[in-house]
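Using the working numbering, you'd call the opening residue of the sequence shown number 7 and step up by one each time.
Glycine residues also receive a C-beta, built at the ideal position from the N, C-alpha and C atoms.
One structure is given below, encoded as structure tokens.
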Amino acid sequence: CITRTAELMWEAARRAGAPEGAISWMTTVTLEGTQELMKAREVAVILATGGMGLVRAAYSAGKPAYGVGPGNAPAYIERTADLEKAVRDIITGKTFDNGLLCSSENSVVADAPIAEEAKRLFKANGAYFLSPQETEALARALVTPQRLPNPALVGKSATYVAQQAGITVPADTRVLIAELAGVGRDYPLSIEKLCPVLSFYVVADWREGCERCMQILRYGGMGHTMSIHSRSDDIVLQFGLKKPAYRIIVNSPATLGAVGLTTGLDPSMTLGCGGWGGNITSDNISPKHLLNIKRLAYETTPYVSRREAAPSTPPHLAAPRSTLQQPDLPKAPALPKSTGIAAESLARRIDEFLTSRGYAPPEASARPGELPGPSGPERAPALVEKAADFVCEDDVRQAVKHSRKIVIGERSIVTPAARDLGEQHRIFVHFGTMRL
Numbered sequence: 007c008i009t010r011t012a013e014l015m016w017e018a019a020r021r022a023g024a025p026e027g028a029i030s031w032m033t034t035v036t037l038e039g040t041q042e043l044m045k046a047r048e049v050a051v052i053l054a055t056g057g058m059g060l061v062r063a064a065y066s067a068g069k070p071a072y073g074v075g076p077g078n079a080p081a082y083i084e085r086t087a088d089l090e091k092a093v094r095d096i097i098t099g100k101t102f103d104n105g106l107l108c109s110s111e112n113s114v115v116a117d118a119p120i121a122e123e124a125k126r127l128f129k130a131n132g133a134y135f136l137s138p139q140e141t142e143a144l145a146r147a148l149v150t151p152q153r154l155p156n157p158a159l160v161g162k163s164a165t166y167v168a169q170q171a172g173i174t175v176p177a178d179t180r181v182l183i184a185e186l187a188g189v190g191r192d193y194p195l196s197i198e199k200l201c202p203v204l205s206f207y208v209v210a211d212w213r214e215g216c217e218r219c220m221q222i223l224r225y226g227g228m229g230h231t232m233s234i235h236s237r238s239d240d241i242v243l244q245f246g247l248k249k250p251a252y253r254i255i256v257n258s259p260a261t262l263g264a265v266g267l268t269t270g271l272d273p274s275m276t277l278g279c280g281g282w283g284g285n286i287t288s289d290n291i292s293p294k295h296l297l298n299i300k301r302l303a304y305e306t307t308p309y310v311s312r313r314e315a316a317p318s319t320p321p322h323l324a325a326p327r328s329t330l331q332q333p334d335l336p337k338a339p340a341l342p343k344s345t346g347i348a349a350e351s352l353a354r355r356i357d358e359f360l361t362s363r364g365y366a367p368p369e370a371s372a373r374p375g376e377l378p379g380p381s382g383p384e385r386a387p388a389l390v391e392k393a394a395d396f397v398c399e400d401d402v403r404q405a406v407k408h409s410r411k412i413v414i415g416e417r418s419i420v421t422p423a424a425r426d427l428g429e430q431h432r433i434f435v436h437f438g439t440m441r442l
């Protein structure tokens, strides 16, 4: 599928005059080959779409990288929603490209007062609700022991998926729906499914719905996408403020709204998950992210040094004034009086936080006239037993300052600047070779 897509893109690019090799692809795909490709000298920037393993590998390749993560989007139907449109939107989103998009709805969370009517409307729109026995059969066929979707069923139709699970469904079935009581490893169909299969939850009210949606997002969709169907602006606002998703689609198919087709978001099929998902950006990745923009900046606010702002020289010593007329510049508005936290209190809180993270606050400097005492014997750097998940340049500087080592492993993400500085000061200890 990907190879054929790349071939079509290359044929179109070549006809438009693109240089040879402008679009290329791997004919034999392996993890080792992908890692070598990302580290190749010719590669200038990496755009990685996939799970955390691929994203971490991209960030560790020593190149500028954009990483985007998986989605497990819940769709919440609040009791004030236009129910017919909400159901139609969810079916539309889930059946688009047979659920392959990472922004596709994976779960329906419905308020109890409208749950039965929602089920009736889902059935009227081609959904098939599974029995408990059928739910177990589908889970065995669709979900691997690693709690990942079975590659053989990814992107397949609902009837094909049902057939492979040994379930008989009507020929016009568009979506399979499994009613679940929870989220997590004990509920295999609560994962991102990448095919026309939905899990279905019933909640008492929007507060319980809020918590259920957060559970679903935490189980493989942090920072990605969710949708809400409601006529209550207050409830929509609460979801917008509290949900750990950077795309919250309102009264529209999540699949199409997240990629900008039915909303004002930037058109893109590559969706960042931000800090919640371990990504560098929460944006919809577009061509502008691959551009480096040069800026030519003229002065707008002339700098006045303290010397120039000092009291003027006595008239009999002053040099003759220039005959050039200076432009009258607008004065900056006066800053409002600070009402924030006192500097001493802020410094104390920062010291407490740094101490809790293992960084001792700097010792008070010696008073004038005092000489520092003799330094004690140099202490051996302390080794940390657990490999760090992420290391930035500031982490290395703190380690150098406090004579500490940083343990890194195969899964550790080390920024290029941190790696260069750490190797210069021999800060890193590789997890496989350290002595405990």
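According to DSSP, which residues form a beta bridge with residue i?
i    : result
M232 : I254
V189 : None; V189 has no bridge partner.
E111 : A79
A71  : I52
D117 : V209
Y134 : L182
H436 : I414
I419 : F396
P25  : The partner list for P25 (beta bridge, DSSP) is empty, contrary to what the question assumes.
Give me the Cα-Cα distance between residue i and residue j, rounded to the nearest whole angstrom.
i    : j    : result
G266 : H436 : 44 Å
K248 : C219 : 11 Å
R47  : Y304 : 37 Å
V256 : A349 : 42 Å
R403 : T11  : 45 Å
D192 : E185 : 14 Å
W16  : Y72  : 23 Å
A24  : D88  : 48 Å
G428 : L352 : 31 Å
T40  : L243 : 42 Å
Assign residue i to one of two classes, buried (16 or more other C-beta atoms within 10 Å of its C-beta) or exposed (fewer than that).
i    : result
F128 : buried
K392 : exposed
P202 : buried
Y309 : exposed
H431 : exposed
G105 : buried
D426 : exposed
G270 : exposed
E140 : buried
Can you name, in chain order, every residue of its own chain whose Cβ lies under 7 Å from the Cβ of residue i, other than the five neighbours on each side?
i    : result
V189 : S196, Q221, I222, Y225
R62  : R417, I419
E26  : none
K162 : N104, C201
Using a Cβ-Cβ cut-off of 8 Å (strictly less than) and excluding sequence neighbours within five positions of residue i, which residues of its own chain qualify?
i    : result
Y134 : A164, A168, V175, P176, T179, V181, L182, I183
N156 : A147, L148, V149, T150
I29  : A12, M15, W16, A19
Taking only beta-carbon positions, decide if residue i is within less than 9 Å of chain D.
i    : result
H235 : Here chain D cannot be found, since the structure has a single protein chain.
Pop quiz: residue i and residue j are said to be a contact at Cβ under 8 Å. What is the actual Cβ separation, rounded to whole angstroms?
i    : j    : result
A81  : S233 : 5 Å
I419 : F434 : Going by Cβ atoms, the distance from I419 to F434 rounds to 13 Å, so no, they are not a contact pair.
A171 : L144 : 5 Å
P259 : T98  : 5 Å
T231 : A79  : 4 Å
M58  : G227 : Not really, about 12 Å apart at Cβ, beyond 8 Å.
To which residues of the same chain is residue i closer than 6 Å at the C-beta, ignoring the five residues directly before and after it?
i    : result
Y252 : G229, G280, S288
S238 : T86
T55  : V74, T276
G263 : I255, T269
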